[in-house]
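Residue numbers (this note's numbering), protein chains in the order written: chain Y, 269 to 454; chain X, 3 to 439.
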């Protein structure tokens, strides 16, 4: 496929992404990014997080504005439900990452999207986090995502968009593969 | 450094690629020598497992001026048959091979390449690296976490299941090598867990014809490196899941699952003696099924346009790869379930002897279709998708060697694009080298 023949418009600047890929393959240090968030305890299980700055392309960067997130637990956990639960943020992260990827891959492949809808659910046995049964893990025992996509493409081409998006997704990788986590105090 | 023996071109490696180049240079009256660390077809002789058969059918090993003439064109050569075939080729073309001559260093000094070997030095105007793409078995860094008590080996060391301890075997990697060894080892009574990452699925026979026949006929194998979207990506695509057997069986993940091989995701890490598998198995299989169906669509389109319908069976599709709902994500190496880990995680060329500034930050040669611009007069052959999709096949050597021999000849004549900057006064002198033979 040649990009110049691409008439699809999903609002993704593929030329810029391809340009970035070419530039960064010549300058791999500029490809090293650090993403950040700060998190402040409010009360009970309620916390308030802010995302603003990150590092990339060799220097400090900022979002256009700061983004703020309240996390809490629902009332069935005897909490005040001031925000989504942290595990729901993980689902949001995964679904939004895959959805962004679908748009980018579709643009690159010249496929016009009309609508993309995802429902995502993660199963969890809370005997793990409650310490009832040490054989039960804390996290999800599995995640299911269902996409409904309307696009100018065959069913297999649409499946290939979703598959390729998983292949290139940061959050899919984070969720499916282990990551070292270092937590320091004071 | 004393003077070496002088020759116009040194070819490193007397496998099918180096010999094809030898033949192409001989046709162009370029005097040359082929340096081989062992015997002709050394890797095929010494670095393959016992049961391996070539993945391409007999008819499909067409070397310059040489082809299969036996009565089993659709069969797949054993390794000793491959060695005999390449040996016969070396004799047929009277290739000037120096066997048991290991190149220890290749460097550049002025207009000459200096090729040091364990049997003396050669000085040459040009060099062709035909030492192969599979000199070193690649082992991922996570292997450092394998606890003591678990035996590990690579396909380079593996010969047959008999050399493995009784008990379970974790085979890491599901390309042609991994699936063949998983099949053979599991059938030997050693239960196999197969760790599956990115892979390329294909039927051995499609519509009554070998998949290689279709890819050859439909021009898929002739696709050029400068005509496809993403050559960097194409050069990294894993080998197709194929095996060469007399019953021409398809060996895919479904077939392995049917005999009891356990499928797991790619090996994401080893932590505290526990293997962690990725949760991406389902997507890896979906990608491979979709990719295979695109290939079969291409074949069907070609068959329709070229009216071969009468000669072949009707189109069909394979069952999608069956994946468990929740494949286990961990494997405790202390449990005794696994005694051996076999790393079928790819091969790399060995350039440890190459003292030329031509490698990228990943240690791979920077080249344009085999032409090494940073070292005018140096060429590389036999790498994946070097110039065509078939470049790494025996059948791919002929056209690549022809193209590069043409370029080499024009380099020697001083007229090549990538030999720009060579002083005009050197041209006549360079031509005289050609005539010294």
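Don't be surprised by glycine CBs; every beta carbon is placed ideally from N, CA and C.
Practice item. Kindly indicate if chain Y contains any beta-carbon less than 8 Å away from that of residue 328 of chain X. Key: Taking the first residue of the second chain as 1, we reach residue 328 of chain X at position 326. Flagged as an interface residue toward chain Y: residue 328 of chain X, by a C-beta distance shorter than 8 Å.
Check your understanding: Over what stretch of residues does the beta strand (DSSP E) that includes residue 278 of chain X continue unbroken?
Key -> On the second chain, position 276 is the one that residue 278 of chain X refers to. It spans 276 to 279 - the beta strand (DSSP E) in which residue 278 of chain X sits, taken as one unbroken run.
Check your understanding: Do we get a CB-CB distance below 8 Å when we pair residue 126 of chain X with the residues of chain Y?
Key -> Your numbering for residue 126 of chain X matches position 124 in the second chain. No, no contact with chain Y.
Exercise for review: Can you check DSSP and say which residues form a bridge with residue 80 of chain X?
Suggested key: In the second chain, the residue the question calls residue 80 of chain X occupies position 78. Beta-bridge pairing links residue 80 of chain X to X:55.
Check your understanding: Which value, in whole angstroms, describes the spacing of the CA atoms of residue 177 of chain X and residue 241 of chain X?
Key -> By 1-based counting over the second chain, the position of residue 177 of chain X is 175. By 1-based counting over the second chain, the position of residue 241 of chain X is 239. Between residue 177 of chain X and residue 241 of chain X, the C-alpha separation is close to 6 Å.
Review point. CB of residue 32 of chain X to nearest heavy atom of the ligand NAP: below 7 Å?
Key: Ligands displayed in this structure: none; no statement on the ligand NAP is therefore possible.
Review point. Hey, does residue 16 of chain X have any beta-carbon neighbour from chain Y nearer than 8 Å?
Key: The sequence position of residue 16 of chain X within the second chain is 14, counting from 1. No, residue 16 of chain X lies away from the interface with chain Y (no Cβ there is under 8 Å from its Cβ).
Exercise for review: Kindly indicate which three-state DSSP category residue 418 of chain X falls into: helix, strand or coil?
Suggested key: In the second chain, residue 418 of chain X corresponds to position 416, counting from 1. Note that residue 418 of chain X scores a pLDDT of 41, beneath 50, so its modelled location is shaky; the value from the coordinates is reported in the next line. Residue 418 of chain X: coil per DSSP, three-state reduction.
Exercise for review: Taking residue 302 of chain Y and residue 322 of chain Y to be in contact with their CB atoms under 8 Å, please state how far apart those CB atoms are, rounded to whole angstroms.
Suggested key: Mapped onto the first chain, residue 302 of chain Y falls at position 34. Mapped onto the first chain, residue 322 of chain Y falls at position 54. The beta-carbon distance between residue 302 of chain Y and residue 322 of chain Y, rounded to whole angstroms, is 6 Å. This is short enough to meet the 8 Å contact definition.
Point to revise | Spatial distance of residue 395 of chain Y from residue 401 of chain Y (CA atoms) | key: As a working note, residue 395 of chain Y is residue 127 in the first chain. As a working note, residue 401 of chain Y is residue 133 in the first chain. The alpha-carbon of residue 395 of chain Y is positioned some 6 Å away from that of residue 401 of chain Y.
Check your understanding: If you count every other CB in all the chains shown that lies within 10 Å of the CB of residue 173 of chain X, and 16 or more means buried, which is it?
Key -> The residue labelled residue 173 of chain X in the question sits at position 171 within the second chain. So residue 173 of chain X counts as buried.
Check your understanding: Using a C-beta cutoff of 8 Å, does residue 395 of chain Y count as contacting chain X?
Key -> Working through the first chain from its first residue, we reach residue 395 of chain Y at position 127. It does not: the Cβ of residue 395 of chain Y has no partner Cβ on chain X nearer than 8 Å.
Exercise for review: Alpha carbon to alpha carbon, how far is residue 167 of chain X from residue 150 of chain X? Give it in angstroms, no decimals.
Suggested key: Sequence index remark: in the second chain, residue 150 of chain X carries index 148 (1-based). Sequence index remark: in the second chain, residue 167 of chain X carries index 165 (1-based). Rounded to whole angstroms, residue 150 of chain X to residue 167 of chain X spans 15 Å at the Cα level.
Practice item. My understanding is that residue 10 of chain X touches residue 127 of chain X, with C-beta atoms under 8 Å, so please give their C-beta distance in whole angstroms. Key: Walking along the second chain from the start, residue 10 of chain X turns up at place 8. Walking along the second chain from the start, residue 127 of chain X turns up at place 125. Yes, they are in contact, since the Cβ atoms of residue 10 of chain X and residue 127 of chain X sit about 5 Å apart, within 8 Å.
Exercise for review: Kindly indicate which residue of Y:284, Y:415, Y:324 has the alpha-carbon position closest to the one of residue 364 of chain Y.
Suggested key: On the first chain, position 96 is the one that residue 364 of chain Y refers to. Here the closest residue by C-alpha is Y:415.
Check your understanding: Just the Cα atoms here: how many angstroms apart are residue 60 of chain X and residue 84 of chain X?
Key -> Here residue 60 of chain X is taken as the residue at index 58 of the second chain, counted from 1. Here residue 84 of chain X is taken as the residue at index 82 of the second chain, counted from 1. C-alpha separation (whole angstroms): 10 Å.
Point to revise | Where the beta strand (DSSP E) containing residue 308 of chain X begins and where it ends | key: In the second chain, the residue the question calls residue 308 of chain X occupies position 306. Counted as a single uninterrupted DSSP element, the stretch harbouring residue 308 of chain X is not any beta strand (DSSP E), since DSSP gives it neither H nor E.
Point to revise | Opposing strand residues paired with residue 317 of chain Y [DSSP bridges] | key: Working through the first chain from its first residue, we reach residue 317 of chain Y at position 49. Paired residues: Y:307, Y:337.
Review point. Taking DSSP as the reference, what is the three-state secondary structure of residue 322 of chain Y?
Key: Against the first chain, residue 322 of chain Y aligns to sequence position 54. For residue 322 of chain Y, the three-state secondary structure derived from DSSP is strand.
Exercise for review: Ignore the nearest five residues each way along the sequence and tell me which others in residue 376 of chain Y's own chain have a CB closer than 6 Å to its CB.
Suggested key: The count along the first chain starts at 1 and reaches residue 376 of chain Y at position 108. 282, listed in sequence order.
Point to revise | Same chain only: Cβ atoms within 6 Å of residue 181 of chain X, ignoring 5 sequence neighbours per side | key: As a working mapping, residue 181 of chain X is identified with position 179 in the second chain. Result list for residue 181 of chain X: 243, 253, in chain order.
**Study point:** Below-8 Å beta-carbon distance, residue 418 of chain X vs any chain Y residue
**Key:** Walking along the second chain from the start, residue 418 of chain X turns up at place 416. With a pLDDT of 41 at residue 418 of chain X, under the threshold of 50, the predicted position of this residue should be treated as unreliable, and no value is reported.
Review point. Chain X partners of residue 444 of chain Y, CB-CB under 7 Å?
Key: Position 176 of the first chain, counting from 1, holds the residue named residue 444 of chain Y. What residue 444 of chain Y touches in chain X: 280, 281, 282.
Review point. How many angstroms separate the CA atom of residue 157 of chain X from the CA atom of residue 29 of chain X?
Key: As a working note, residue 157 of chain X is residue 155 in the second chain. As a working note, residue 29 of chain X is residue 27 in the second chain. Distance between the alpha carbons of residue 157 of chain X and residue 29 of chain X is about 37 Å.
Review point. Where are the alpha helix (DSSP H) runs, 4 residues long or more, that stay fully inside the region 405 to 451 of chain Y, in chain order?
Key: For the region 405 to 451 of chain Y, whole alpha helix (DSSP H) runs of length 4 or above, ordered along the chain, are 423 to 436, 438 to 444.
Practice item. Could you work out which residues of chain X lie near residue 320 of chain Y, taking near to mean beta carbons separated by less than 9 Å? Key: Sequence index remark: in the first chain, residue 320 of chain Y carries index 52 (1-based). Neighbours of residue 320 of chain Y on chain X: none; closest Cβ ~31 Å, over 9 Å.
Review point. Quick one: what does DSSP say residue 349 of chain X is sitting in, helix, strand or coil?
Key: What you label residue 349 of chain X is simply residue 347 of the second chain in a count that begins at 1. Assignment of residue 349 of chain X by DSSP, reduced to helix, strand and coil, places it in the strand class.
Exercise for review: Give me the Cα-Cα distance between residue 318 of chain X and residue 299 of chain X, rounded to the nearest whole angstrom.
Suggested key: Taking the second chain and counting its residues from 1, one reaches residue 318 of chain X at position 316. Taking the second chain and counting its residues from 1, one reaches residue 299 of chain X at position 297. If I take the Cα positions, the gap works out to 10 Å.
Practice item. Just the chain X side, please: which residues come within less than 8 Å of residue 427 of chain Y by C-beta, in chain order? Key: On the first chain, residue 427 of chain Y is found 159 positions in, with the first residue counted as 1. Under the 8 Å cutoff, chain X gives 288, 292.
Review point. Among Y:382, Y:436, Y:339, which has the Cα closest to the Cα of residue 350 of chain Y?
Key: In the first chain, counting from the first residue as 1, residue 350 of chain Y sits at position 82. Nearest of Y:382, Y:436, Y:339 to residue 350 of chain Y, Cα basis: Y:339.
Practice item. Tell me, to the nearest whole angstrom, how far the beta carbon of residue 227 of chain X is from that of residue 388 of chain X; I am working on the premise that it is less than 8 Å. Key: As a position in the second chain, residue 227 of chain X is number 225, starting the count at 1. As a position in the second chain, residue 388 of chain X is number 386, starting the count at 1. About 7 Å separates the Cβ atoms of residue 227 of chain X and residue 388 of chain X, confirming a contact at the 8 Å cut-off.
Exercise for review: Give me the Cα-Cα distance between residue 284 of chain X and residue 31 of chain X, rounded to the nearest whole angstrom.
Suggested key: Counted from its first residue, the second chain places residue 284 of chain X at position 282. Counted from its first residue, the second chain places residue 31 of chain X at position 29. The straight-line gap from Cα to Cα measures roughly 55 Å.
**Study point:** residue 417 of chain X to residue 377 of chain X span [Cα, whole Å]
**Key:** Taking the second chain and counting its residues from 1, one reaches residue 417 of chain X at position 415. Taking the second chain and counting its residues from 1, one reaches residue 377 of chain X at position 375. Residue placement at residue 417 of chain X is flagged as unreliable, the pLDDT there being 44, under the threshold of 50; a coordinate-derived value is accordingly withheld.
Check your understanding: Buried or exposed: which applies to residue 455 of chain Y, given that a residue is buried once 16 or more other Cβ atoms fall within 10 Å of its Cβ?
Key -> Lying outside 269 to 454, the shown extent of chain Y, residue 455 of chain Y is not represented and no answer is given.
Check your understanding: Could you give the distance in angstroms between the alpha-carbon of residue 236 of chain X and the alpha-carbon of residue 225 of chain X?
Key -> In the second chain, residue 236 of chain X corresponds to position 234, counting from 1. In the second chain, residue 225 of chain X corresponds to position 223, counting from 1. Counting only the Cα atoms, residue 225 of chain X lies some 11 Å from residue 236 of chain X.
**Study point:** Sub-8 Å separation of residue 293 of chain X and residue 207 of chain X beta-carbons
**Key:** Sequence index remark: in the second chain, residue 293 of chain X carries index 291 (1-based). Sequence index remark: in the second chain, residue 207 of chain X carries index 205 (1-based). Result no, Cβ atoms of residue 293 of chain X and residue 207 of chain X do not sit closer than 8 Å.
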